[in-house]
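As they're listed, the protein sequences go chains A and B. Each step along the first sequence adds one to the number in this note's numbering, with nothing skipped, and position 137 is 137. Each step along the second sequence adds one to the number in this note's numbering, with nothing skipped, and position 18 is 223.
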Amino acid sequence: MSETFLAPYPDYDVLAKWDTPSWNEQTREVMAHRLREVPGRRFFDEEEWAVLVAVCERVVPQPERAEPVPIAPWIDAALFEGRGTGTHFATLPSGPEAWRRGLESIDREARARHGCGFAALDATRRDDILEAVDAGDVDAAIWRDLPARTFFRHLLLEQIVALYYVHPDAQSEIGFGGPASPRGYVRLGPDRLDEWEAPAAAKRP
Amino acid sequence: MRAPVGVWATEAEQRPRATDGRAPDVFSRDGHVPMRQFEDGEDVDFAIVGTGCGGGVLAAKLAEAGLSVVAFDAGPFWRPLADFASDEREQDKVYWLDERLSDGDDPIELGSNNSGRCVGGSTVHFQMVALRFRPEWFAARSRLGYAVDWPVDWRTMWRYYAEVEDALKISGPVSYPWGPDRGRYPYRAHEVNAAGLVLARGAEALGVPWAATPLATVSAPRGKSPPCVYRGFCKIGCSTNAKQSVLVTYIPRALAAGAEIRDLAMVGRIESAGDGRVTGVHYHRDGQWRFQRARNVVVSGYSIETPRLLLNSATDRFPDGLANGSGTVGRYLMVHSNHAVWARFEEEIRWYKGPPSMAVCEHWNYVDDHPTKDFDGGYAFMSQGPLPVDFAKALVSNTGTFGTALRNRMAEYNHMAGLKIVGETMPQAENRVTLDEETDALGLRRARVTFSYADNDKRLFRHSLGFMKRMIEAAGGFDAYETSSTAHLMGGCRMGHSPEDSVTDADGRTWDVPNLWICDGSLMPTAGGVNPSMTILANAARIADRMKALAARGELAARHA
Ligand SMILES: Cc1cc2nc3c(=O)[nH]c(=O)nc-3n(C[C@H](O)[C@H](O)[C@H](O)COP(=O)(O)OP(=O)(O)OC[C@H]3O[C@@H](n4cnc5c(N)ncnc54)[C@H](O)[C@@H]3O)c2cc1C
Ligand code: SF4
């Protein structure tokens, strides 16, 4: 995965609308909490945490950011607070247990292949392992009855992107309008823009 | 007590708001409206469990007829103007997030995918698509040769669709291309956004009709509801009250007519007496279990919680759960297949603007004989407008994409359009809700939901994927890809013609217990190829009129003829 991220809306920032009619009081409060009160580690132990952080770095690499969008702290917080998603797929253990076992299995998979933990691997090797997990091409003795792909796609990837794309930086990078209430939009047609939207992207090469 | 899910207005999740003779005024930021209250020991005419499409309509219509009503909801009583943020994570607070076990060959996603938990039910976060069943579906067995017939005639339902469409002031097109005449919608149609115009262009290229979607959000002011501002966050709750949810339509009517609404009140068990009749409900509110006496109990908790409550109310006399003499409680659970085709476009679409589904094609709901149609039932499909998290989740769960490739694909967000079906699935006895051994925080056994597609269901969604791919490419889309998911719940306590294979009669009265009723989406014997809420609302409006007629004749709690 040697691709680079092609930022289509480099000069756009949804946060610039903070004091405009696009943002209401409650949205500002919620976003202030997200930006300023990033929780510390409470659920995972240090080893699990290191694996989770290393996985998040590969699922959403953010090399261009001095301060990457935090993801692992919010996964930890949701598990610590016992916040569910409403679905417990019967093939997986319950949420907290599935996370622990899944991260441990990724780490053991790394040790079995390379003799060191996942967090100590370079980017290419980490990606190879994650691709193998997604393909279910893993050591059955390590994963036992934990379905690798279900864990990877439905817990890990889904939760990581859910936390990344609620962050204003992630919303800015895709040119999403961001919070919009009480003011919504007026121009709904193709290639039509309200002045409070991201200016049209430069065409891709 | 359950920890709050949201960061904002957490008090609504922790302490009941409808108390002391008043309930939240949903059109204000912090105001109240007066509310009549009943004593627990008072034998009210109706205790209604759930305040969504089924429970909300009943509460309003029965109270307006002078009957005494207490309606319970496990979730909070929101004031959208003050409580709803433009944030996908914060708004998880409108969903049923307690764990339910999901199994079967094709286990379904629950939570935000299909289950609300607040006063107003799932309509608080529904996407407002307001369609009617095709008339023949009410007689699917005798007219079309599959599944079962409803115990209700389509002409009756047609009248009630008109009633609820007026109650919600549906904004829709002047003439609708499919089915018998339905008159004009109460409000004019919304301007179709760019995502909807993709569907329109594709439909015209393929020679099939399309329409501006009839939507339950107003296109002009209505009372205290302003017109829709096209902010596009409908699926996580409308913060302007343009959306005509049950919370801002039937609930205020119910309160004004003297119904009591009890928020944060989870009903855990229905009590029954030695004579086999029910006497009231046990509910948990403000940290304690209480008991409300009632002459009639109506269960309106939707397709999972309704069967769960009946099963959790088993007694020596009804060891398999209340109203379950036929063994049908929890069975014939249906979903809609929700398969989709997505593609990239040269122009910017920016589908985040406007309600997510502004154009619809019901072509395959009304075609019976066609060389490619190799399935029973039908499907509608609509243009799409997922918010970023929703879109990203569908992308990763279906493709496994991660890394810079993921960020680059998400960066095409503004150039994407999609077509997604609401695909009928067949009622199957083995698709069902049962009780798991594990219990929730209140000690109530959790629901286990078992779902597998039938072969017919698979033929249907495969057909749709082929058709939608052709259409999206005909509209100019490229790099098309497919995703699969499910939407909506139907059935689980179906009504029918006989106590042998259904839970209730056409009035929603359970065959086994004369003063126990069901009124919600779980009654649906078939799923149809359209979003279900208008059908659930119309059926509830019809049942309310039946109850009123029976009450007037003194036959409410009578046995079946
Ligand atoms: C994201 C999403 C989008 C949708 N979009 C559309 C759409 O565009 N068009 C459409 O037609 N339909 C749509 N639907 C479906 C529609 O919202 C539901 O089919 C409909 O609301 C179901 O009505 P109901 O009365 O059966 O249940 P609900 O509306 O879900 O109401 C049930 C209520 O009962 C309460 N309850 C349950 N058990 C208990 C208990 N034991 N004690 C107390 N309270 C209890 C719950 O908290 C809930 O509030 C959508 C659904 C979702 C999830
Ligand atoms: S688009 Fe309209 S209905 Fe949807 S959230 Fe905005 S104002 Fe409400």
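In this text, a Cβ means the ideal position worked out from N, Cα and C, and glycines have one as well.
- Take GLY442(B) and list the residues in its own chain whose beta-carbon comes closer than 7 Å to its own, dropping the five residues that flank it on each side. PRO285, PHE289, GLN296, VAL299, VAL329, HIS330
- Buried or exposed (CB count within 10 angstroms, at least 16 for buried), LEU670(B): buried
- Query: Is there at least one non-hydrogen atom of ligand 2 closer than 7 Å to the beta-carbon of ALA447(B)?
  - Reply: yes
- Who are the neighbours of LEU611(B) on chain A, taking C-beta pairs under 8 Å? VAL59, VAL60, VAL161
- Could you work out which residue in ARG436(B), GLU465(B), SER450(B) is closest to GLU247(B) when comparing CA atoms only? GLU465(B)
- Check ALA421(B) in the structure and name its three-state DSSP category. coil
- On the DSSP bridge assignment, give the partners of SER477(B) in chain order. Beta-bridge analysis with DSSP links SER477(B) to VAL483(B).
- Query: Can you round the beta-carbon distance between GLY401(B) and SER588(B) to whole angstroms, since I take them to be within the 8 Å contact cut?
  - Reply: 4 Å
- Item | TRP722(B), enclosing beta strand (DSSP E) - first and last residue | First-last of the beta strand (DSSP E) with TRP722(B): 721-723.
- In whole angstroms, what is the alpha-carbon distance linking TYR455(B) and GLU510(B)? 21 Å
- Endpoints, alpha helix (DSSP H) assigned at ASP76(A): 72-80
- Query: Can you give the beta carbon distance from ALA616(B) to LEU163(A), rounded, assuming they're within the 8 Å contact cut?
  - Reply: Wrong, their Cβ atoms sit about 18 Å apart, outside the cutoff.
- Closer than 9 Å at the beta carbon, the chain B residues around ARG125(A): In chain order: nothing, as chain B lies at least about 13 Å away.
- Item | Segment contact, 8 Å Cβ cut-off, at least three pairs: the segment 700-708 of chain B with the segment 347-366 of chain B | yes
- Of all the residues that make up the segment 174-195 of chain A, which are near chain B by a beta-carbon distance shorter than 9 Å? So the close ones are ILE174, GLY175, PHE176, GLY177, GLY178, PRO179, ALA180, SER181, PRO182, ARG183, GLY184, TYR185, VAL186, ARG187, LEU188, GLY189, PRO190, ASP191, ARG192, LEU193, ASP194.
- Query: Less than 7 Å between the CB of ARG364(B) and some heavy atom of ligand 1, yes or no?
  - Reply: no
- Task: Kindly list the residues whose CB is nearer than 6 Å to the CB of ARG126(A), restricted to its own chain and excluding five residues on each side of it in sequence; keep chain order.
- Result: ARG58
- Within the same chain, show all residues whose beta-carbon is closer than 7 Å to that of GLU81(A), passing over the 5 residues directly before and after it, in chain order. none
- Message: Tell me which residue opens and which closes the alpha helix (DSSP H) that VAL133(A) is part of.
- Response: 123-135 is the extent of the alpha helix (DSSP H) around VAL133(A).
- Members of the segment 487-504 of chain B near chain A, C-beta cut-off 7 Å: none
- Query: Cβ of MET1(A) less than 8 Å from any chain B Cβ?
  - Reply: For MET1(A), the pLDDT reaches just 46, beneath the cut-off of 50, and the residue's location in the model is therefore unreliable, although a value from the coordinates is still provided. It does; some Cβ of chain B falls within 8 Å.
- Query: Distance, Cα to Cα, SER22(A) vs GLU553(B)?
  - Reply: Each residue's alpha carbon lies about 21 Å from the other.
- alpha helix (DSSP H) containing PRO457(B): first to last residue? In the DSSP annotation of this structure, the continuous segment of the alpha helix (DSSP H) that includes PRO457(B) starts and ends at 455-461.
- Any non-hydrogen atom of ligand 1 within 7 Å of PHE331(B) CB: yes
- Query: With respect to 7 Å, is the separation between the Cβ of PHE277(B) and the closest non-hydrogen atom of ligand 1 below this value?
  - Reply: Closer than 7 Å to some heavy atom of ligand 1: that describes the Cβ of PHE277(B).
- Task: Indicate whether the contact test is met: 3 or more Cβ pairs, each with one atom in the segment 624-637 of chain B and one in the segment 650-664 of chain B, closer than 8 Å.
- Result: yes
- Task: Run down chain A in chain order and give the residues with a C-beta less than 7 Å from the C-beta of SER291(B).
- Result: THR27, PRO179, ALA180, SER181
- Bridge partners - GLN449(B), DSSP secondary structure assignment: Looking at the DSSP assignment, GLN449(B) forms no beta bridge with any residue, so it has no partner.
- Task: Would you mind reading off the limits of the beta strand (DSSP E) that contains PHE666(B)?
- Result: Per DSSP, PHE666(B) belongs to no beta strand (DSSP E); it is in the alpha helix (DSSP H), 660-679.
- Item | Pair within 8 Å by beta-carbon distance, ARG436(B) and GLY184(A) | Yes; because the gap between Cβ atoms is below 8 Å, this pair is in contact.
- Item | Secondary structure of HIS237(B), DSSP reduced to three states | Annotated three-state conformation of HIS237(B) is strand, per DSSP.
- Message: For THR20(A), count the other beta carbons within 10 Å of its own beta carbon; 16 or more makes it buried, fewer makes it exposed. Which is it?
- Response: exposed
- Status (buried if at least 16 other CB within 10 Å, exposed otherwise) for THR577(B): exposed
- Are ALA264(B) and ALA459(B) close, meaning C-beta to C-beta below 8 Å? yes
- Is the beta carbon of GLY530(B) sitting closer than 8 Å to the one on ASP245(B)? no
- Item | Per-residue burial, ALA208(B) [other beta carbons within 10 Å of its own, 16 or more giving buried] | exposed
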